[in-house]
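Report on the following structure.
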Amino acid sequence: MDVDVDFYRENAVYRSWADGRLNFAVESNFNNFTGFRKPQRAAAFAVFSHLDSDPAVPATVVMPTGTGKTDTIFSIIIAGLFPRTLLIVPSDALRTQIGDRLATLARLRAINAISPDILSPIVHRIDGRNATLNLGAIVGANVTIATPAALAQLSDDELNAFAANYTHLIFDEAHHVAAVTWGRIRKAFEPKPTVCFTATPFRLDQQRLNGKIIFNYSLSQAQRDNYFQRIDFFPVREYVTSEIDRTIAAKAIELLVADVEAGFDHILMARCAKIAKANQIFRLYSELGAEFEPVVIHSKSKHKERDFEQIRARKSRIVVCVDMFGEGFDLPELKIAAIHDQHQSPAVTLQFIGRLTRTDSRLGTAKFVANIANQRADSPMKRLYEESADWSLIIREVSTDRISRELQRQEFEARFEGDTDSAKIAALNPAPNISTLAYRLTSANWHPQSVRHLGSPKEELALHSVSDDGTIVMAVTNEVAPVAWAKSDSIYGSTWHLYLAYYRQSDSTLFISCTGDERQAARFQSLVAKTARRINGDDVFRVMHGINRLKLQNVGLSRSGRDVRFTMHVGQDVNRVMDDLENGRSIKSNIFGVGHAAGESTTAGCSAKGKLWKMDTGAVNEWVEWCDMVASKINDSSIDTAAILRNVMRAEKLQGHWPDGIFFADWPDSLGVETESRCTISVGGTSYSLLDTKLGLPVKESANTLAIPLSAVTPAGEELDLLTIRASLEDDGYRYSTGQASIRIGSKQHDLHEYLDRERLRLLQADGSIVIGNYRYYTHASLNVTLPSSLLSSWDWGTTNIHKESMTHAADFDSVQGFTYQKISEGYDIVFNDDGAGEVADLVAVRHAADHIVVDLYHCKYCSSGHQPGARVNDAYVVAGQASRSAKWLHKGPELFQRLLNRYSNGQEGGMQRLLKGTPQQIDLLRLKSRDVEMRMGFFIVQPAISVREVTDRVMTVLGTSYMYLRDIANVDIRVIASP
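Written as C-alpha cells, this is what we have:
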C-alpha cells in the first residue's frame, strides 16, 4: 500500500511498519505452523485489492468464528499502512481485550509475521465523552478503539470533527452496522475506506449491512480446514412441560461428569432467554450438580466479576447465563451447552455455537443439549432440533444459505453497476406501495437511459440508475413546492419521490410506478417510453381473475345519465350497484377487493384508466415479481371479466329479524390459528382458555335476538355452561350482550361484548350465505348448492352404538369415533384423537407420501338417542359448521402439527391418550417437514344419523354449505359418510 510520507516522517510506529513490512507466510510443516492461517492471508489480500480498486465502497469480510478474525484486522492495519484507524467494537469487554492484544501484537510476533523492529501501535481507548474530545490522545495514537455507545454521546458536528482525525474505519462484528447508532458513525466517515468484519453477516431486523461482501470464507471450508470443531448434539425428548428443564439439565450434567472423568477441562453453560428463567434454572443446577458449584451471570448480577473468577479458577464448572456473555469473552473450555431457551435468530445461533467450537487439542468436542419434543424454533434454525440432527452440517448449510441470499441480493444490485447511484438507492431500503401503470411498448421505443433528463425547475433529479440489461430503471428526485396551508411563496416543503420502470420484452409490457402524482408519472413515462400505449379499460380488470370469494370494498362507476357521470360506492353500499355492473347499465371505473387465492388472503385493485395495485408495500425486487404476476393476467385474453363479477360476494343488510337457517357460530376471523392459543375468556372471575370453550347452536329467542350458548370443558372433561351471547338487531345496526364477561388476547383485555361489537361473530346459514354483524354475504353461485351425490357414501355400522359420539379411552370402539378409527386406521401412519373443545377435528389422520403429506380431518357426530338414521336437518347442522371451520388449517402445516403436540402433552398430563396410532416423534418430524413439503388436506363428515336412502335436498343443501366453502377457498371436496 502507498506510504503517507508526512505521517512517515512524524510517527515512529508508522515508520516501523513501512520499513519492516509484514510476512504473510501461511502456516505449514515447513515453518512449524508459525504463519498465518489461509483465510487470514486471503482476507487481507482481498481487502488490499478492494482498497486499491474501490476504496469509497464499504467492504464486508466474512470469517467464521475461530478462523482468526482479530489478528487479520491487526495485520491489515499494519500491512495496509493505515495512518490512523478507528476500530469500532460492540462491547466494553471487547474494547479492553482487543486493546490489550494490540498493545503487544503477541500473536503476530509468535507466528513470525512481524519482526522485533515493528512497533506495536499506540492505542487510544474511548471509554466516555471526554476521551472523544482528547485531541492529543487521538492524534498521538495509531489506533483508537471505541464502542457505538461511547460515540453516541456526540452531536453530529462533534462526531464529524472526531471522524476527521482518522484515515480508515474498521467495524468488528459488522452485523451491528445496520443499527442506527452504527450507521451514524459510518456516515460520518464517508467516503473514507470502511471495512467490516463479521462471522454472521445478517441481522434479525432485516436491515442491510450496506457493505459489499469482498471475501467470504465459508463455514464448510472452515470445517474442512479444521478451524471449526465437530459438534455433537445430544437431544432429549420431553413432552411434559414441567419436566423439560430438569431433563435437559440432567443430561448436560451427565455429559460434564463424563468429560471431567475423561480428563477434559470442560465447563458447562446453561443458556436462558430471560433473567427470571436464569434464576430458576440456577436453582435447578444447584440441586442436580451441586458438586460443580454453579453460578448465574446476567446483566443484573451483583457479583459478576467474582463469579467469572470462580469459573476461570475452576471452582465452578457450571454457569447459567442469559443469552451469551457478549462479544469479547473468550473461554475455550466452554464445551457443553444446555439450551433451555432456543435462539430464533440465525445470526445469534451461529455466534453462540461458535463460542463452543474453537479448535484446541487439549479439549474434547463441543456438545449441545436441547429438547427436540414440541420445540418451537422457527426459520432455518428449526433443523437443529430434529431427532438425528447433524449440527456441523446444518450450521454450515444455514450459514451458506444466508450468506448466499445476501450475495444474490448484491448480484441483483450488481445489475446496476454502471453507476454509483444504484448503491445509494439500495441503501435507502426503498419499500414503495405495490402499484403500477401498465403499458404496451415495443422494444425499439424503450429508452431507459433517458431517465437522466428527469426533473423540472422545482424537482431535482438526485439519483438514477439503469440495470445492466436495461430492463429496470430507478430514480430518486427532490421536489420543492409551497406548503398547502400557506398562500405564500416564502415557505416551501421538500418531498422526495421514487420512480420505477420495468420492461418485459417477452410480452412487450411496461410497468411504471411513481410516489408522486399522475403528472409526474406521465412525465417519467414520456421520457423512457414516449410512444407507450397505456393498458386500460376491461383488460386491467383481469387482475381480479383467480380470486375466490371476492369481496368488493370500493367500486367506482361511470354512468350514462345526463346528471350523474361518476359515482363512488364504499363498503356495504357496493351491494346496491352490483346489478348495474352485471347488466351493463354502468361502466366499471375502479374496483378494489379482498378474497382468497391459493388458500391465502389477498387484495387487488384496478381502475379503467390503467392503474393496478395491491394493498401492500415491498422492496423493489418484490415489486418486480408482482408486476410479473400482473402481466400474466392482463395479457391473457381468455379471461372473461364478466365471469369475475358473477362470483363477487354480495352484501344484504338485515333489518327487523334474523334470517332462518342460521345453524353455526364461530369466533371472529381475527382470532386465527396464530391468535386463539393466546386468548382467554373470563366469566365470574374465572378464566378459561379459548381453546377449551365452544360456541353452541344459535337459537332465535325472538325475531331480532339470536342466542348463542358458550360453554367450557373442564380438565375433568365435563362441559360447563358459561354464558349466553345474545346478538340483537337494531334499527340501523346490531349489538352484542355478554354480561360481565371479558376476553384477553395476549396482554390486552376487552369487555367481550365490546370486542364482539367491533369484530363480530361469523354465522353460517343453511343456504350457503354467511352472516357477519347485520349483513348477510353470499354469491349467486354458492346459494342453495347441494352436495353432489357422488360425495355421499355409507358404512354398515353393524352393532356399533351410533348414539355415542366419542371414545372414552383408546380401546373404546363402540362409538361413532371409535368405529371410524377402526375403519380408517390401516390407511394412515398417524391417527390422532383430537375430540373436545378447541379441536382441529374429531380424528386427524396423517399419511406421509414421498413428495407430500396427506392430512385428513374426520368430523364425527352421533345419532340422537331414540332416533334412527333418516333425513333430519338438525343432524347436519353442527358437523357441517365444524367442517367449514376447520378450513382455517389450510396451509398451516407447522401450526397444525404443533397444535397436536400441545394437545398430546396436555393429554398426557391429564391421563388421556390422544395418539391412537403413531408416535409423537412422527408428529414432530412432520411438523418440520411440513414447512417445505406440500400438505394436502382432505375433509370428511361422518354422521350415521343421515340415511343415504332417505336424505333430502334440504339436508344436502346444508352439507353443500361446507362443500362450496371448501371448494371456493381451497379447491378441495368434502366427503360425507352416513348410514345406508
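Heads up, the sequence shown is in our numbering, so the first residue is 109 and it goes up one at a time. Note that CB positions come from ideal geometry on N, CA and C, so glycine has one too.
- In the three-state reduction of the DSSP assignment, residue 146 falls in the helix class.
- Three or more pairs of CB atoms, one per stretch, sit closer than 8 angstroms, so the region 991-1011 contacts the region 1045-1054.
- Residue 539 is positioned such that its CB atom lies closer than 9 angstroms to that of residue 725.
- Separation of residue 787 and residue 801 (C-alpha to C-alpha, rounded to the nearest whole angstrom) is 11 angstroms.
- For the region 192-259, the continuous beta strand (DSSP E) assignments of 3+ residues that do not extend past its boundaries occur at 193-196, 231-233 and 251-254, in sequence order.
- Secondary structure within the region 814-861: the beta strand (DSSP E) runs of 3 or more consecutive residues, fully enclosed, are 827-838, 841-845, 850-853 and 856-859 (chain order).
- DSSP links residue 1086 through a beta bridge to 902.
- Looking at the backbone, the Cα of residue 607 and that of residue 268 are separated by about 32 angstroms.
- Residue 1038 counts as buried, since at least 16 other C-beta atoms from the protein chains shown sit within 10 angstroms of its C-beta.
- Distance from residue 605 to residue 587 at the Cβ level is roughly 6 angstroms; contact confirmed, criterion being Cβ atoms closer than 8 angstroms.
- Here residue 1071 has 893, 895, 896, 899, 1081 and 1082 as same chain residues with Cβ atoms under 8 angstroms from its own Cβ, once five neighbours each way along the sequence are excluded.
- Membership of residue 396 in the alpha helix (DSSP H) is indicated by the continuous run 383-396.
- Listed in chain order, the non-local C-beta contacts of residue 177 below 6 angstroms within the same chain comprise 171 and 305, local neighbours out to five positions each way being set aside.
- Straight-line spacing of the CA atoms in residue 404 and residue 325 works out to 35 angstroms.
- In this structure, residue 556 sits near residue 581, with a CB-CB distance shorter than 9 angstroms.
- Taken atom to atom, the span from the alpha-carbon of residue 141 to that of residue 133 is near 10 angstroms.
- Within a 10 Å sphere around the beta-carbon of residue 873 sit 16 or more other beta-carbons, which makes this residue buried.
- Apart from the 5 residues on each side of it in sequence, residue 976 has no Cβ closer than 6 angstroms to any other Cβ in its chain.
- Cβ contact annotation for residue 878 (same chain, cutoff 8 angstroms, sequence separation greater than five): 870, 871, 872, 884, 885 and 886, in chain order.
- In the structure shown, residue 621 adopts extended strand secondary structure according to DSSP, grouped into three states.
- By the Cβ rule, the region 342-356 does not count as touching the region 189-197, because fewer than three pairs are nearer than 8 angstroms.
- Annotated three-state conformation of residue 1049 is strand, per DSSP.
- Rounded to the nearest whole angstrom, the C-alpha separation of residue 384 and residue 939 is 39 angstroms.
- A distance below 9 angstroms separates the beta carbons of residue 738 and residue 619.
- When the Cα atoms are used, residue 558 and residue 128 turn out to be separated by approximately 53 angstroms.
- Per DSSP, residue 927 is one residue of the alpha helix (DSSP H) stretching across 924-932.
- Annotation for residue 442: the continuous beta strand (DSSP E) segment containing it runs 442-447.
- According to the DSSP assignment, residue 582 belongs to the beta strand (DSSP E) that extends over 580-590.
- Under DSSP, the beta-bridge partners assigned to residue 721 are 543 and 713.
- Straight through space, the alpha carbons of residue 909 and residue 773 are spaced by roughly 28 angstroms.
- Short of 6 angstroms from the beta carbon of residue 424, and not among the five residues preceding or following it, lie these beta carbons of its own chain, in chain order: 401, 403 and 418.
- The residue from 572, 634 and 544 with its alpha-carbon nearest to that of residue 553 is 634.
- According to the DSSP assignment, residue 634 belongs to the alpha helix (DSSP H) that extends over 626-636.
- By the beta-carbon neighbour count (other beta carbons within 10 angstroms, threshold 16), residue 600 is exposed.
- Within the same chain, Cβ atoms closer than 7 angstroms to the Cβ of residue 854 are found at 786, the five residues on either side in sequence being excluded.
- Between residue 229 and residue 247 a beta carbon distance of about 14 angstroms is seen, past the 8 angstroms cut, so the two are scored as non-contacting.
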